[in-house]
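**Q** Protein chains in written order, with our numbering: chain A, 7 to 390; chain B, 7 to 390.
Number of protein chains: 2
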Amino acid sequence: MKVLVIGGDGYCGWATALYLSNKGYQVGILDSLVRRYWDLQLKAETLTPIAPIEKRLECWKGETGKSIELFLGDITNYDFLLGALKKFEPDTIVHFGEQRSAPFSMIDREHAVMTQVNNVVGTLNILYAMKEHFPDCHLVKLGTMGEYGTPNIDIEEGYITIEHNGRTDTLPYPKQPGSYYHLSKVHDTHNIQFACKIWGLRATDLNQGIVYGVLTDETKMHETLINRLDYDGVFGTALNRFCIQAAVGHPLTVYGTGGQTRGFLDIRDTVRCMELAIANPAEPGQLRVFNQFTEMFSIEELALKVKDAATAMGLKVEINNLDNPRFELEEHYFNAKNTKLIDLGLEPHNLSDSLIDSLLNFAIRYKDRVDESQILPKVSWHRK
Amino acid sequence: MKVLVIGGDGYCGWATALYLSNKGYQVGILDSLVRRYWDLQLKAETLTPIAPIEKRLECWKGETGKSIELFLGDITNYDFLLGALKKFEPDTIVHFGEQRSAPFSMIDREHAVMTQVNNVVGTLNILYAMKEHFPDCHLVKLGTMGEYGTPNIDIEEGYITIEHNGRTDTLPYPKQPGSYYHLSKVHDTHNIQFACKIWGLRATDLNQGIVYGVLTDETKMHETLINRLDYDGVFGTALNRFCIQAAVGHPLTVYGTGGQTRGFLDIRDTVRCMELAIANPAEPGQLRVFNQFTEMFSIEELALKVKDAATAMGLKVEINNLDNPRFELEEHYFNAKNTKLIDLGLEPHNLSDSLIDSLLNFAIRYKDRVDESQILPKVSWHRK
């Protein structure tokens, strides 16, 4: 089984590529490296010193004897994409190759436009390449739980059966995304749904929650294989960011009251979910949607968990409730379903004190690399 | 009240600009003229000999004494857009400035990508310009009934109240658009909804049905003011296309069984709906959605109406049920609500035999301009 991981140099993509390679899949990585370029532009660095992609792959070969083929380029360039696909001939395309930061998309008009064009055109190109040359290939696409927003009813997995005026239909679940980035994922979902329907393509949309953690069995084999860990106000996500803040003695940055509830998962579950989706492909003509998270927490709960664990380790931790730079409900109903991946065999790693301990220790190990000026959020959703 | 009509050189835009000008609004037209360029590329021409925009505006000035200011350029160019807005200072922006043909968007990958990028980026630029400089301006945006697809439940106006597992919320109506063009409108809707919410902008989304007719009180004042009337397989829409086909003795091109039911309206109602939306603006922070059509017909019903009227005029008419080039249900439930514009005062022109007669006579008048090679659909939704 040949799997091409688009965006395979990123946080989820790198962990997934190595995991699948280790499991015996024949893996290729396609990446433009633009994520590293955005770090340079933002003058931000991952906490962890990540190696260049070619060094990463050499090291992986040395550690395991397994080769991962590399395609360097941008999927918004159709000729490049098609060339890579024809050379690699994937059975499955895993698509992580999008701009994935909500704050990045909200910096200004240029970043909003770039995010939507980049993400939508990249995915359209993949769909057309599949239609023209790989109609049986299975697309496993990274969506986000953020597509749903925070409706006052239970969140189902992609579709909802609605009874209305005495009639019933099962329709795409209504979407209320909260940034131009999240909107780009909603646009993708609609485009993929349509392409599957008219061309008989098969696709799985993984609406992923917020991922935490850094080590997987593979990335911990050697320091050169280390994964990125973002803590800056633009690309850093809750929990990872909190642990790094605790490690350097920076107050934990909770936006608003912290009552915002979200789905979360361990990166070791991300890679397993990818495998489950790949091993159990969608049917032709179908966009199947899985909600990919294992637990729900409020941001305040997470901050308190990190504070408790850090305090037990002798660290002093404050929690700072900042003015919320985002526009979002801070107290709301949130109940999302996530049974489909469990039904396929996912055995979740629950967030535990020991995981937080190990993340904290990991953060302490690299804390001299932290640039505190990058921690506070600088991008606002508000008009002025 | 100053109204800038973006796309004011097109079919709906031209009729709207003149109607509003006649009603005493101070009207500007912003247009890139790319719609005329697409005609050249397709080697297709409108049935009616439309005058260049500057001649149109001169003629309008001569007939009525009213000036319409012209801004020639593309809204995907933000600097141009901003310059025009700052010069004109609109109270309302009417946005018709999008690629509006489903078949055009389905020609190939390039046309799909161009349609989505053009439409989404143009609308994002308008939203950012409003946020930065015209936060009180009212955006009246042309959507389409095609955003909804053909769900098996009643179609509401933009939002639906859903009861689910004992809880209730009013959410965006689920969308199942049927082409990359229709998808671009769904993307726009989500983007506008978000911009209104976070920036307090005001917008009205007009989900328009299929427009028929050509003459309005204004465009019939002088032949130089004549509106476009498309009959080709790419830009021609049902009814207008059928009348022209009947006039030249070409069989009416019904796709599949013709059981597809859609909402329709007279172009004289389109312009009135625009006025109603402008005169009764949305509240700040709100994307208001109106379904803009007056009657529902199946395509087969329409073809039979045209056939009957044409036969009464002595024309010989055949109906051809072609293999459907599109991917759509041909027999389906369809019941869409359209009370909001009626509540604001719309008094619909119902489709009558006399309207069909006058359209037929109009088509006969220009029938020597018809290029029959342009009539049949050449763009397919299908994989092969």
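Cβ atoms here follow ideal geometry from the backbone N, Cα and C, with glycine treated the same way.
Being a predicted model, the structure only gives us computed values, none of them experimental.
For A/Tyr84, go through chain B and note every residue whose CB falls closer than 7 Å to its CB, in chain order.
**A** Arg115
**Q** Can you confirm whether B/Tyr134, when its beta carbon is compared against all beta carbons of chain A, has any partner nearer than 9 Å?
**A** So, interface residue.
**Q** Could you give the C-beta distance for A/Asn213 and A/Met151, rounded to a whole number, given that I count them as a contact under 8 Å?
**A** The C-beta distance from A/Asn213 to A/Met151 rounds to 5 Å, short enough to meet the 8 Å contact threshold.
**Q** Please report whether the beta-carbon of B/Asn399 lies at a distance below 9 Å from any beta-carbon of chain A.
**A** Chain B is shown only over 7 to 390; residue 399 of chain B falls outside these bounds and no answer can be derived.
**Q** Quick check on the burial criterion: 16 or more other C-beta atoms within 10 angstroms. Buried or exposed for A/Ala318?
**A** That one is exposed.
**Q** Can you find the residues in the same chain that come closer than 6 Å, C-beta to C-beta, to B/Leu3, ignoring five residues on each side of it along the sequence?
**A** With chain B running from 7 to 390 in the structure shown, residue 3 of chain B is simply not present.
**Q** Would DSSP call A/Val220 helix, strand or coil?
**A** coil
**Q** For A/Val100, list the residues DSSP reports as bridge partners.
**A** A/Val11, A/Val146
**Q** What in chain B is Cβ-close to A/Gln105, meaning under 9 Å?
**A** Per Cβ cutoff of 9 Å: no residues; A/Gln105 is ~15 Å from chain B at best.
**Q** What separation, rounded to the nearest whole angstrom, lies between the Cα atoms of B/Gly19 and B/Val100?
**A** 9 Å
**Q** Ignore the nearest five residues each way along the sequence and tell me which others in B/Glu104's own chain have a CB closer than 6 Å to its CB.
**A** Asn125
**Q** Roughly how many angstroms separate the alpha carbons of B/Gln251 and B/Ile381, rounded to a whole number?
**A** 8 Å
**Q** Excluding five sequence neighbours on each side, which residues of the same chain lie with their C-beta closer than 7 Å to the C-beta of A/Ala244?
**A** Here A/Ala244 has Ile216, Ile305, Leu308 as same chain residues with Cβ atoms under 7 Å from its own Cβ, once five neighbours each way along the sequence are excluded.
**Q** A/Gly351 to A/Gly172, Cα distance in whole Å?
**A** 37 Å
**Q** So, does the CB of B/Gln266 fall closer than 9 Å to a CB anywhere in chain A?
**A** no
**Q** Taking only runs that begin and end inside the region 47 to 95 of chain A, name each unbroken alpha helix (DSSP H) of 4 or more residues, in chain order.
**A** 59 to 70, 84 to 94
**Q** Taking Cβ to Cβ, would you say A/His144 is nearer than 9 Å to A/Thr210?
**A** Taking 9 Å as the Cβ cut-off, A/His144 and A/Thr210 qualify as a contacting pair.
**Q** Am I right that B/Leu10 and B/Gly34 are in contact with their C-beta atoms under 8 Å? What's the rounded C-beta distance?
**A** 5 Å
**Q** Under DSSP, the alpha helix (DSSP H) around A/Asp194 begins and ends at which residues?
**A** 186 to 205
**Q** What does A/Gly206 touch in chain B if you count any residue whose Cβ is under 7 Å from its own?
**A** Arg389
**Q** So, are the CB atoms of B/Ile284 and B/Leu26 less than 9 Å apart?
**A** yes
**Q** Select from B/Asp363, B/Ala21, B/Cys279, B/Ala315 the residue whose C-alpha is nearest the C-alpha of B/Thr345.
**A** B/Cys279
**Q** Considering just the uninterrupted stretch of the beta strand (DSSP E) at A/Phe270, what are its terminal residues?
**A** In the DSSP assignment, A/Phe270 falls within the unbroken beta strand (DSSP E) covering 267 to 272.
**Q** Can you look up A/Met302 in the DSSP assignment and give me helix, strand or coil?
**A** strand
**Q** Give a yes or no on whether 9 Å exceeds the smallest Cβ distance from B/Lys181 to chain A.
**A** yes
**Q** From the DSSP output, read off the bridge partner residues of B/Phe296.
**A** B/Leu212
**Q** What residue does the beta strand (DSSP E) around A/Val33 start on, and which one ends it?
**A** Boundaries of the beta strand (DSSP E) harbouring A/Val33: 32 to 37, taken from the DSSP string.
**Q** Tell me, which residues are paired with A/Phe173 by DSSP?
**A** Note that residue 173 of chain A corresponds to Arg in the displayed sequence, not to Phe. DSSP output for A/Arg173 lists A/His170 as bridge partner(s).
**Q** With DSSP collapsed to three states, give me the class of B/Pro109.
**A** helix
**Q** Which of the residues in the region 189 to 220 of chain A, read from start to end, lie with their CB under 7 Å from any CB of chain B?
**A** Result list: Leu189, Val192, His193, His196, Asn197, Phe200, Lys203, Ile204, Trp205, Gly206.
**Q** Three or more C-beta pairs under 8 Å: does that hold for the region 66 to 74 of chain B against the region 352 to 371 of chain A?
**A** The region 66 to 74 of chain B vs the region 352 to 371 of chain A: no contact.
**Q** For the alpha helix (DSSP H) holding A/Ile250, just list the boundary residues, first then last.
**A** 246 to 254
**Q** Beta-carbon of A/Ser185 versus every beta-carbon of chain B: anything under 9 Å?
**A** yes
**Q** Report yes or no: is there a C-beta of chain A within less than 9 Å of the C-beta of B/Gln47?
**A** For B/Gln47, the answer is no, since every Cβ of chain A falls outside 9 Å of its Cβ.
**Q** What span of residues does the beta strand (DSSP E) with B/Val119 cover, start to end?
**A** Careful: B/Val119 lies outside any beta strand (DSSP E), inside the alpha helix (DSSP H) at 115 to 139.
**Q** Going by C-alpha to C-alpha distance, which of B/Leu221, B/Leu130, B/Thr82 sits closest to B/Ala201?
**A** B/Leu130
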